[in-house]
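Note that numbering that gives the first Met the number 0 gives residue 31 to position 32 of the sequence shown, counting from 1, and the numbers run on in steps of one. The beta carbon of each residue, even a glycine, is placed where N, CA and C say it ideally should be.
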Amino acid sequence: MSMSLKERLKDYIKSQSITIKDFERSLGMSNGYVNSISKGLGDEYMTRLIEKYPTLNIPWLLTGEGDMLIGDTNVSGNHSLGVNNGSVTHSFNSQLESSFLKAFEASQTQLTTTLAQLSTSQTQLINSQSQTTALIEQLAKSQQQISELINLLKDK
């Protein structure tokens, strides 16, 4: 079983001989953020991570593939990282791009399914609203008939 992003991040932190608390503080994370990671890091934290910890191999962190640590700017041509005037650039290999594309396509499929479910729910809601309106109109007619019957009975 492969390690999760959270487990790989904890391994990296341990390899740097710092505490999770110090790591979180260095990136402006709230206390306990690392232990609460379930899916991934936000863009802001990822950018800070790349800037403050340039030896961390980001493709390894995201996928578990490759080595944990990289040199200052290059890893065997698979991942280059440059920090120039505060701007961070990434160049991922085609295998990593492919895995991101697959994840994106899976997310897109899930979104399409969710939208279809929402559309079905919306149709059901509209039908329920129509039925409710019809029942309210029928109830109003029944109340009118009851009022007319009561008036007839009073007149006799």
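The beta carbons of residue 33 and residue 23 sit closer together than 9 Å.
The Cβ neighbour count for residue 2, taken over all protein chains shown within 10 Å, is under 16; the residue is labelled exposed. Comparing alpha carbon positions, the residue from 109, 154, 8 and 136 closest to residue 68 is 8.
With respect to the 9 Å criterion, residue 4 and residue 41 are not classified as neighbours on the basis of their beta carbons.
When only Cα atoms are considered, residue 60 and residue 46 end up about 13 Å apart. Each of 105, 62, 119 and 112 was checked against the Cα of residue 6, and the nearest Cα belongs to 62. The residues 18, 19, 22 and 33, in chain order, have a CB closer than 8 Å to that of residue 12 in the same chain once the five nearest residues on each side in sequence are set aside. Of the residues assessed, residue 55 falls on the buried side of the cut-off, its CB having 16 or more other CB atoms within 10 angstroms. In this structure, residue 57 and residue 49 form a Cβ contact; the two beta carbons are roughly 6 Å apart against a cut-off of 8 Å. Less than 9 Å separates the beta-carbon of residue 51 from that of residue 25. When the Cα atoms are used, residue 29 and residue 65 turn out to be separated by approximately 29 Å.
Counted as a single uninterrupted DSSP element, the alpha helix (DSSP H) harbouring residue 21 occupies residues 19-25.
Bridge partners of residue 55 according to DSSP: 68. Excluding sequence positions up to five before and after residue 136, its CB lies less than 6 Å from no other CB in the same chain. The beta carbon of residue 10 sits closer than 8 Å to the beta carbons of 2 and 67 from its chain, once the five residues preceding and following it are set aside; these are given in chain order.
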